[in-house]
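Data block below; observations after.
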Amino acid sequence: MPLSLPSWLLLFYAVVLFFPEEILSEVFKLPLRRFDSLRSHLRRKGRLAVKAYHEAERVSRLYHSRDPGYLREMYQQIVYDYYDLEYIALISIGTPPQEFEVVMDTGSANLWVPDSTCNSTQQCFSYCQIPFYCDPNCDEYCCGDSSKVSTCDQKNKFTSSKSVSYILYGTGFVHGFLGMDTVRFGTSTGQNVLTIPKTFVGQATSMGKFFRNMPIDGICGLAFRTSIPGLTERESRDWENKHPGTEHFPFGSLAADGVEPPLMNAIAQGKLEKPVFSVFLETEGVDAVNKKGGIFTWGGVDEENCGPILGWTPLTHQTYYEFEIQGVAYGNKLKSNKTQKAISDTGTSLIIGSRSIVESLVKSIGGMHWDEEDGLFLLPCDRHFEPITFTISGRDYPMAKEMLVINAGDPQRPNECIFALVPYDSWGLGPAWILGDPFIRQYCNVYDIGNKKIGFALAKRPLNGREEKIRD
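Residue numbers (our numbering): 543 to 1014.
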């Protein structure tokens, strides 16, 4: 079933296939990297806000999921920090393995990388004909400048003919196709690597310009596949059995073409000790490039970097990792007791929230101004203010000023910072709040897939700023 997704969403919604391999029985840690000159570039181009709003809109457009099975093993994987804007992990696909740098994204459900033929046919989306939309989202040749280098030319590409374990699966999403192969979370030569045979891989043949300056090859979605809203778990599964094929799903699928996401596939194969994974993210500052920036732990909780779990809250929707926020407060000056939906999203660089509440917080804190070009609130980096507190399942989670003020990376204005909260109107089409990387940097997020709940633990220690490249 073809998807009508814009090019920037294509990266977020592609899928991977895998081939059977030996089951491992250890805990995997996935290293992360982080970037920041990218933030400066996006801000100068007026596209940092575009990125934030794209992240919010992809959530409001795709809003469904499915319950997974149980696991038997556990692994850890380091991620690398680029400028506190993206956390990048290394995965490999195929036999022999081909390596890719991807965002591990709890806000989407597919693995997606550029195919070796990416942009070889120079296909353009119909919406690229709209001038104001073409510039930030489409390649230059689609906007009238055929002399520019293709976005795909700057990425690592998957060559299926070089993999003996590759299986062509079929077509299905805009400007791309599906394959099936072995996927590994971690370096191809590492010992603590989660290997997932027979995994769907989305192979993109065209990418939007939005990804040109992003330090990634693709996206690895960690969310659920699909569900049917309004039905019980048993009714949902009965309905799916009676209507096989994703083209019959009345409410769509978070995973493109309804295929099983890589992590859920690993769980179904019994690869993990527990149906759980945890995320620890570090902040390495505005100049962080290619430094260790966090760890994904597959099959358990990262007790080395995360303190005791402070509280659990049930998932209200198993598409994204969605739950309820009972309130947001700023000291004694502002308190909202409105219950709203929120999701935990490792692929969102900022915190996106209810417009009325974010604007009230800004007014209460004071000293900020709205930058129309960037679509963000700016403030002096040295401005002091009290913590902003989120209430979840009756427990308060205060966020310190240090996690909410992000250097804008402008050498001409070294004391200018970005307020990490971005106002957004979901209009009931998605969660009111997306708790992205700033929240996860303060509180490790623990995703208990088997019990359909999410927990939060105070991040215990940094990775000591150790500089280490994903690849030479």
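Note that beta-carbon positions come from the ideal geometry of N, C-alpha and C, so glycine has one too. From a predicted model like this one, the values you see are computed outputs, not experimental measurements.
Sequence-distant residues of the same chain with beta carbon closer than 6 Å to residue i, five excluded per side
{"i": "Thr-713", "result": "With a pLDDT of 35 at Thr-713, under the threshold of 50, the modelled position of that residue is not reliable, and the figure given next carries that caveat. The residues are Phe-719."}
{"i": "Cys-502", "result": "The question about residue 502 has no answer, for the chain in this structure spans 543 to 1014."}
{"i": "Ile-907", "result": "Phe-927"}
{"i": "Thr-933", "result": "Gln-868 and Gly-869"}
{"i": "Trp-854", "result": "Lys-995 and Gly-997"}
Cβ shell of residue i (< 7 Å), same chain only, five flanking positions each side left out
{"i": "Leu-1000", "result": "Gly-849, Leu-852 and Tyr-985"}
{"i": "Leu-957", "result": "A quick correction: the sequence has Asn, not Leu, at residue 957. If we look at Asn-957 and ignore the five residues flanking it on each side, its Cβ neighbours are Pro-922, Cys-923 and Asp-924."}
{"i": "Phe-981", "result": "Ile-893 and Met-941"}
{"i": "Ile-498", "result": "Since the first residue shown for the chain is 543 and the last is 1014, residue 498 is missing from the structure and cannot be characterised."}
{"i": "Leu-876", "result": "Ser-902, Leu-903 and Ser-906"}
{"i": "Asp-913", "result": "Leu-920"}
Classification of residue i by the beta-carbon crowding that lies within 10 angstroms, buried from 16 upward
{"i": "Met-756", "result": "buried"}
{"i": "Asp-967", "result": "exposed"}
{"i": "Glu-628", "result": "buried"}
{"i": "Asn-874", "result": "exposed"}
{"i": "Trp-975", "result": "buried"}
{"i": "Gly-978", "result": "buried"}
{"i": "Arg-955", "result": "exposed"}
{"i": "Glu-864", "result": "buried"}
{"i": "Gly-889", "result": "buried"}
{"i": "Gln-733", "result": "exposed"}
{"i": "Lys-834", "result": "buried"}
{"i": "Thr-881", "result": "exposed"}
{"i": "Leu-971", "result": "exposed"}
Residues near residue i in its chain [Cβ-Cβ closer than 8 Å; skip 5 each side]
{"i": "Lys-994", "result": "Asp-609, Pro-856, Leu-857 and Gln-860"}
{"i": "Ile-930", "result": "Val-870, Ala-871, Tyr-872, Leu-903, Pro-940, Met-941, Leu-946 and Leu-963"}
{"i": "His-911", "result": "Phe-919, Leu-920 and Leu-921"}
{"i": "Leu-566", "result": "Model confidence at Leu-566 stands at a pLDDT of 40, short of 50, so the residue's coordinates are unreliable; what they give is reported in the following sentence. Glu-615, Tyr-617, Val-735, Leu-736, Thr-737 and Lys-813, listed in sequence order."}
Sub-9 Å separation of residue i and residue j beta-carbons
{"i": "Thr-839", "j": "Ala-765", "result": "no"}
{"i": "Val-735", "j": "Tyr-989", "result": "no"}
{"i": "Val-621", "j": "Gly-760", "result": "no"}
{"i": "Gly-763", "j": "Leu-632", "result": "no"}
{"i": "Gly-836", "j": "Glu-824", "result": "yes"}
{"i": "Ser-896", "j": "Pro-965", "result": "yes"}
{"i": "Ala-884", "j": "Ile-899", "result": "no"}
{"i": "Gly-728", "j": "Arg-767", "result": "no"}
{"i": "Tyr-862", "j": "Asp-887", "result": "yes"}
{"i": "Pro-656", "j": "Asn-698", "result": "yes"}
{"i": "Glu-802", "j": "Gly-841", "result": "no"}
{"i": "Ile-758", "j": "Glu-643", "result": "yes"}
Beta-bridge partners of residue i, as assigned by DSSP
{"i": "Ser-820", "result": "Thr-839 and Val-988"}
{"i": "Gln-882", "result": "Ile-867"}
{"i": "Phe-927", "result": "BP columns for Phe-927 are empty, so no partner."}
{"i": "Pro-922", "result": "Glu-958"}
{"i": "Asp-913", "result": "Leu-918"}
{"i": "Asp-647", "result": "Gly-763"}
{"i": "Met-941", "result": "Ile-930"}
{"i": "Phe-981", "result": "Paired residues: none, contrary to the question."}
{"i": "Tyr-617", "result": "Trp-840"}
{"i": "Gly-997", "result": "Trp-854 and Val-988"}
{"i": "Val-964", "result": "Ile-894"}
{"i": "Glu-815", "result": "In the DSSP output, where bridge partners are listed per residue, Glu-815 has none listed."}
{"i": "Leu-495", "result": "Outside the displayed range of the chain (543 to 1014) lies residue 495, so it cannot be described from this structure."}
| field | Touching by the beta-carbon criterion (3+ pairs, under 8 Å), the stretch 916–928 and the stretch 941–959 | value | Between the stretch 916–928 and the stretch 941–959, the count of Cβ pairs shorter than 8 Å is three or higher; the stretches touch.
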